[in-house]
Amino acid sequence: MDTRAAVAFKAGEPLEIATVSLEGPREGEVLVEIKATGICHTDEFTRSGEDPEGIFPAILGHEGAGVVVDIGPGVTSVKKGDHVIPLYTPECRECPSCLSQKTNLCTAIRSTQGQGLMPDGTSRFSLDGQPIHHYMGCSTFSNFTVLPEIAVAKVREDAPFDKICYIGCGVTTGIGAVVNTANVEPGSTAVVFGLGGIGLNVIQGLRMVGADMIIGVDINDSKKSMAEQFGMTHFVNPKEIGEDIVPYLVNLTKRRGDQIGGADYTFDCTGNVTVMRQALECAHRGWGQSIVIGVAPAGAEIATRPFQLVTGRVWKGTAFGGARGRTDVPKIVDWYMDGKIDIDSLITHTMPLEDINKGFDLMHKGESIRSVVLY
Ligand code: NAD
Ligand code: AHE
Ligand code: ZN
Numbered sequence: 001m002d003t004r005a006a007v008a009f010k011a012g013e014p015l016e017i018a019t020v021s022l023e024g025p026r027e028g029e030v031l032v033e034i035k036a037t038g039i040c041h042t043d044e045f046t047r048s049g050e051d052p053e054g055i056f057p058a059i060l061g062h063e064g065a066g067v068v069v070d071i072g073p074g075v076t077s078v079k080k081g082d083h084v085i086p087l088y089t090p091e092c093r094e095c096p097s098c099l100s101q102k103t104n105l106c107t108a109i110r111s112t113q114g115q116g117l118m119p120d121g122t123s124r125f126s127l128d129g130q131p132i133h134h135y136m137g138c139s140t141f142s143n144f145t146v147l148p149e150i151a152v153a154k155v156r157e158d159a160p161f162d163k164i165c166y167i168g169c170g171v172t173t174g175i176g177a178v179v180n181t182a183n184v185e186p187g188s189t190a191v192v193f194g195l196g197g198i199g200l201n202v203i204q205g206l207r208m209v210g211a212d213m214i215i216g217v218d219i220n221d222s223k224k225s226m227a228e229q230f231g232m233t234h235f236v237n238p239k240e241i242g243e244d245i246v247p248y249l250v251n252l253t254k255r256r257g258d259q260i261g262g263a264d265y266t267f268d269c270t271g272n273v274t275v276m277r278q279a280l281e282c283a284h285r286g287w288g289q290s291i292v293i294g295v296a297p298a299g300a301e302i303a304t305r306p307f308q309l310v311t312g313r314v315w316k317g318t319a320f321g322g323a324r325g326r327t328d329v330p331k332i333v334d335w336y337m338d339g340k341i342d343i344d345s346l347i348t349h350t351m352p353l354e355d356i357n358k359g360f361d362l363m364h365k366g367e368s369i370r371s372v373v374l375y
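Numbering of the sequence shown is given in UniProt numbering, commencing with residue 1 and proceeding in unit increments.
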């Protein structure tokens with residue numbers, strides 16, 4: 001079949017709208033009509049050429065929601081008409097990683113996914129006979145896409161696509177980092193670096209679990225009011241404090257009677273390795289945990305004095321908020337439908353596929369939280 005898609009032909013160039021060919025689903029695969037997709041900073045990371053795994057030409061996008069319109073041989077867990085959210089972190093429930101119950105990082109299809117291919121080593125997308133790569137196993141910047149059955153979460157049918165698409169990455173990553181990766185306790189102090197589409201979900205996760213002090217750090221003052229609406233108790237713009245951010249935050253998080261200071265939990269939602277170091281070093285001596293969520297460019301490395309770890313700080317990372325997609329995503333959709341979490345306020349812009357590059361421009365200018373493309 002033919003489908004409309006935004007194609008990334010070359011690193012660093014705007015996406016181009018094209019009609020591409022899409023082969024039907026093979027064994028274990030499903031064809032999904034994408035109804036809506038968010039634009040995450042990771043799409044920009046890959047489009048820009050900073051992603052060491054970036055392959056071109058490709059159809060980017062990994063934060064979608066849609067309807068199953070066809071299934072390949074052997075598919076049993078979903079059927080035509082089911083509403084689904086594509087999963088860039090699949091859940092096969094059979095690989096050693098899934099069976100370990102220690103990680104959400106299913107390894108069943110990771111190698112072909114990283115090469116922009118379906119599990120059989122081929123692409124379903126092409127243009128003028130030339131293959132176009134899949135992206136993160138999802139390619140939600142195409143109106144129709146093919147996914148492995150293990151890479152879709154079946155969700156309830158009354159949930160609106162234009163909102164729940166965000167659960168396909170940002171919402172789950174931010175809230176999951178708090179509840180799954182850090183396992184934050186009520187009464188905790190926390191610092192969130194970067195108040196964008198991920199950081200604000202970390203903040204709402206922190207409020208949900210009952211954190212006491214939620215400090216948001218961003219170089220863009222315009223992020224403050226939305227962060228306050230989501231539960232931030234203190235805002236810090238590193239450009240305005242006139243001193244090194246680490247001692248400033250350590251002092252701000254000092255509890256009565258505590259000689260040392262430092263946050264119980266810190267989160268990097270920027271992808272900047274200098275910020276990652278600051279986040280670690282403002283965690284409390286002895287127990288503070290710092291969670292890396294941001295994705296850093298090719299060649300970037302993190303550094304700190306080993307003494308920071310010797311003295312009990314813990315440096316952790318998280319992908320997709322530690323969520324097991326087929327199991328956890330439908331529950332997060334329920335949280336949204338039950339009013340436990342807010343998604344609507346975070347979707348600041350919507351646009352048709354033709355205007356997708358405007359969504360990237362808004363992200364660059366720091367004017368959007370989430371832009372959502374509606375098909
Ligand atoms: P975004 O562009 O919406 O937000 C980034 C925010 O960081 C912006 O508000 C920006 O002003 C702020 N910022 C930039 N530099 C800063 C600095 N030096 N100090 C403080 N604030 C700074 O991006 P997003 O969609 O929220 O994504 C955030 C990061 O998370 C990206 O690196 C993205 O690739 C990554 N990500 C990771 C996962 C995962 O599973 N680990 C999932 C989704 C996104
Ligand atoms: N390809 C990059 C790494 C990109 C990355 O870390 N991706 C996250 C999801 S970001 C979603 O917005 C992830 O899930 N990582 C686990 C995985 O297996 O990719 C690089 O640096 O090579
Ligand atoms: Zn993402």
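We put the CB at the ideal spot given by N, CA and C, even for glycine.
Could you check how far apart the C-beta atoms of residue i and residue j are, in whole angstroms? I think they sit under 8 angstroms.
i, j, result
"Asp-268", "Val-292", "5 angstroms"
"Cys-165", "His-62", "Cys-165 to His-62, Cβ: 10 angstroms. No contact."
"Arg-326", "Gly-38", "With 8 angstroms as the limit, Arg-326 and Gly-38 do not qualify as a contact, their Cβ atoms being about 20 angstroms apart."
"Val-84", "Gly-66", "6 angstroms"
"Lys-316", "Gln-289", "6 angstroms"
Please report the distance separating the alpha-carbon of residue i from that of residue j.
i, j, result
"Pro-14", "His-41", "15 angstroms"
"Gly-129", "Ser-21", "9 angstroms"
"Leu-206", "Leu-127", "45 angstroms"
"residue 377", "Gly-299", "Past the boundaries of the shown model lies residue 377; the chain is included only from 1 to 375, so the question cannot be answered."
"Pro-223", "Gly-196", "The question names Pro, but residue 223 in the sequence shown is Lys. One C-alpha to the other measures close to 7 angstroms."
"Leu-105", "Pro-90", "8 angstroms"
With respect to 7 angstroms, is the separation between the Cβ of residue i and the closest non-hydrogen atom of the ligand AHE below this value?
i, result
"Asp-51", "yes"
"Arg-110", "yes"
"Tyr-166", "no"
"His-62", "yes"
"Thr-89", "yes"
"Val-236", "no"
"Val-295", "yes"
"Leu-200", "no"
"Leu-346", "no"
For residue i, which three-state DSSP category applies?
i, result
"Leu-195", "coil"
"Ile-71", "strand"
"Ile-215", "strand"
"Met-1", "coil"
"Tyr-265", "strand"
"Thr-42", "helix"
"Val-372", "strand"
"Phe-230", "coil"
"Glu-149", "helix"
"Ala-58", "strand"
"His-133", "strand"
"residue 383", "There is simply no residue 383 to check, as the chain begins at 1 and stops at 375 in what is shown."
Under the criterion of a Cβ to heavy atom distance below 7 angstroms, does residue i qualify as lining the ligand NAD?
i, result
"Thr-318", "yes"
"Asp-218", "yes"
"Thr-181", "no"
"Met-226", "no"
"residue 376", "As shown, the chain starts at 1 and ends at 375. That puts residue 376 outside it, with no answer to give."
"Phe-193", "yes"
(Q) Closer than 5 angstroms between the C-beta and any heavy atom of the ligand ZN: which residues qualify, listed along the chain? (A) Residues flagged by the Cβ proximity filter: Cys-40, Thr-42, Cys-169.
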